[in-house]
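A.B. asks: Residue numbers (this note's numbering), protein chains in the order written: chain B, 1 to 222; chain Y, 223 to 444. Beta carbons are placed, not taken as given, at the ideal position from N, Cα and C, and that holds for glycine. Please find one structure pasted underneath; my questions will follow.
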DNA sequence: CGCGCTGTCGTACTTAGTACGAGACGCTAC
DNA sequence: GTAGCGTCTCGTACTAAGTACGACAGCGCG
């Protein structure tokens with residue numbers, strides 16, 4: 001047997017990246033509460049204490065996966081049309097946060113930005129400045145755009161359903177309280193609008209983004 | 223001794239509201255991680271298992287305090303000027319979420335809205351409709367306003383500092399990575415703008431809200 | 001007086017984070 | 001080679017936290 005490896009060591013050997021990627025996978029599958037050192041180690045095919053060779057503690061894993069998620073968001077390119085670039089980045093951010101909704105809640109409480117997060121900020125600022133935004137307007141616009149994007153993702157994550165399915169299923173239990181007449185306007189909006197076939201909350205994202213970008217464009221050329 | 227009470231029972235007797243209020247107080251003091259059944263029971267002056275007489279489990283506490291926080295946000299009044307009412311409610315929401323930043327992360331993952339949350343939705347919808355917004359525009363506007371408000375609160379919560387103090391303290395450790403020239407635009411914005419005396423991220427809220435309300439007003443009167 | 005209800009708590013089991021240190025493997029300098 | 005050393009993995013065990021289960025104390029009532 002020429003192979004020097006110690007028996008069937010199928011595992012390609014652990015490293016920090018594999019730990020963080022595994023953590024993202026586990027969180028995607030079972031939510032952030034489902035991510036434990038033990039569930040992670042099982043996913044990685046090792047024993048719990050092995051992961052501590054690559055991270056100091058669980059908090060470091062949480063910081064790491066937040067930055068990892070950020071790294072998946074498309075960076076805007078300062079060379080292109082600012083509006084197209086910012087739109088692309090906003091859509092990408094929303095898409096990524098839809099895939100990893102647990103990351104939204106982690107952003108609060110994790111206060112030290114990782115390299116991907118910083119790179120991201122840098123690219124957005126560069127794009128806006130290159131688009132003719134003054135420093136002040138850039139600051140305003142960035143705060144506004146990020147607030148909108150993260151906030152929208154937060155609301156989407158809070159929706160009990162995914163995509164366009166089963167609006168009715170969810171509305172059912174709430175409808176009981178509705179029937180008491182306590183929330184008349186909400187009921188009316190729900191039945192007249194939200195529960196109509198074809199309504200999809202996700203479509204609201206584009207509407208709001210367009211409004212914001214229109215308004216920013218007006219202020220940029222002044 | 224005519225008093226029938228059993229000795230020095232200073233405690234006014236537990237109830238569900240006192241449990242939830244205590245949980246908010248503990249979370250305010252020590253963050254959401256500092257809120258445990260044991261820390262809560264100590265705060266309440268009882269033993270851990272006593273709180274389980276009022277709530278089924280910890281998740282119910284988390285749902286409850288999210289709704290309790292929501293109940294602290296000023297409701298807009300459908301009778302008044304829609305713009306003033308919506309502004310007041312947005313400012314109030316931001317203020318409340320600044321006081322209880324841990325609530326933002328809880329919104330995601332807690333998918334069943336409590337009565338305060340529903341009452342809130344009802345009032346906002348009523349105010350917009352009374353202000354002349356069509357159902358479609360109401361839906362658009364609500365998604366936009368809430369996204370912005372929650373997202374802004376989320377970003378504020380992520381800031382490592384509170385209020386207007388010590389921007390420099392925080393920038394220091396990050397500046398190390400800055401010095402490598404990896405984030406030139408971010409550095410420039412920081413030194414030229416963010417780190418200038420008088421800059422306060424919190425002020426961005428009003429700017430963005432004004433932009434959104436201006437744009438909504440335009441679309442409402444069309 | 002016994003019964004059932006309300007509220008509090010003691011005990012103990014389970015899960016999770018992780019400190020500590022033991023080893024297994026390979027590499028290098030003698 | 002062989003003694004050591006760095007790299008990596010893991011076994012053991014301690015602590016903190018959620019909470020099931022049931023005891024029990026006080027109270028009102030028939």
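Rounded to a whole number of angstroms, what is the C-alpha to C-alpha distance between residue 247(Y) and residue 282(Y)?
C.D. replies: Answer to the nearest angstrom: the Cα atoms are 16 Å apart.
A.B. asks: Please check if any C-beta of chain Y sits within less than 9 Å of the C-beta of residue 104(B).
C.D. replies: Residue 104(B) counts as touching chain Y.
A.B. asks: Check whether chain B comes within 9 Å of residue 337(Y), counting only Cβ atoms and requiring the distance to be less than that.
C.D. replies: Residue 337(Y) counts as touching chain B.
A.B. asks: On the DSSP letters alone, give me the boundaries of the alpha helix (DSSP H) that residue 411(Y) sits inside.
C.D. replies: Note, residue 411(Y): alpha helix (DSSP H), 406-411.
A.B. asks: What residues from the segment 61-82 of chain B come within 9 Å of chain Y, judged by C-beta to C-beta, listed N to C?
C.D. replies: Of all residues in the segment 61-82 of chain B, 78 have a Cβ within less than 9 Å of some Cβ in chain Y.
A.B. asks: Helix, strand or coil for residue 422(Y), going by three-state DSSP, please let me know.
C.D. replies: Here residue 422(Y) sits in coil by DSSP.
A.B. asks: Do you know whose CA, among 313(Y), 420(Y), 294(Y) and 284(Y), lies nearest residue 327(Y)'s CA?
C.D. replies: Among 313(Y), 420(Y), 294(Y) and 284(Y), the Cα nearest to that of residue 327(Y) belongs to 284(Y).
A.B. asks: Between the alpha carbons of residue 412(Y) and residue 375(Y), how many angstroms are there, rounded?
C.D. replies: Each residue's alpha carbon lies about 21 Å from the other.
A.B. asks: In whole angstroms, what is the alpha-carbon distance linking residue 263(Y) and residue 68(B)?
C.D. replies: Rounded to the nearest angstrom, the two C-alpha atoms are 37 Å apart.
A.B. asks: In whole angstroms, what separates the C-alpha of residue 435(Y) from that of residue 27(B)?
C.D. replies: Answer to the nearest angstrom: the Cα atoms are 37 Å apart.
A.B. asks: Within 10 Å of its beta-carbon, does residue 147(B) have 16 or more other beta-carbons around it, so buried, or fewer, so exposed?
C.D. replies: Flag for residue 147(B) reads buried.
A.B. asks: Please report the straight-line C-alpha distance between residue 253(Y) and residue 245(Y), rounded to a whole angstrom.
C.D. replies: Residue 253(Y) and residue 245(Y): Cα-Cα distance of roughly 10 Å.
A.B. asks: Residue 157(B) touches chain Y at which residues, Cβ-Cβ below 7 Å?
C.D. replies: Ordered by position in chain Y, the residues that pass the 7 Å Cβ test against residue 157(B) are 330.
A.B. asks: Is residue 216(B) close to chain Y? Criterion is C-beta to C-beta, closer than 9 Å.
C.D. replies: Output row for residue 216(B): interface = yes.
A.B. asks: Between the beta-carbon of residue 125(B) and the beta-carbon of residue 93(B), is there less than 9 Å?
C.D. replies: The answer is no: Cβ separation not under 9 Å.
A.B. asks: Quick one: which chain B residues come within Cβ less than 9 Å of residue 362(Y)?
C.D. replies: Ordered by position in chain B, the residues that pass the 9 Å Cβ test against residue 362(Y) are 204, 207, 208 and 211.
A.B. asks: Can you list, in chain order, the residues of its chain whose CB lies under 7 Å from that of residue 164(B), leaving out five sequence neighbours each side?
C.D. replies: Note that residue 164(B) scores a pLDDT of 49, beneath 50, so its modelled location is shaky and nothing firm can be said.
A.B. asks: What's the call for residue 377(Y), buried or exposed, on a 16-neighbour Cβ count within 10 Å?
C.D. replies: Buried, because 16 or more other Cβ atoms sit within 10 Å of the Cβ of residue 377(Y).
A.B. asks: For chain Y, find out if any of its Cβ atoms is closer than 9 Å to the Cβ of residue 39(B); answer yes or no.
C.D. replies: It does not; no Cβ of chain Y falls within 9 Å.
A.B. asks: Could you pull the start and end residues of the alpha helix (DSSP H) that residue 155(B) belongs to?
C.D. replies: Segment 135-158, the alpha helix (DSSP H) holding residue 155(B).
A.B. asks: Which residues in the same chain have their Cβ closer than 8 Å to the Cβ of residue 178(B), if we skip the five residues on either side of it in sequence?
C.D. replies: Excluding positions up to five away in sequence, the list reads 186, 187 and 190.
A.B. asks: Measure the Cβ-Cβ separation of residue 319(Y) and residue 182(B) and say whether it is below 9 Å.
C.D. replies: No, these two residues do not count as a Cβ contact at 9 Å.
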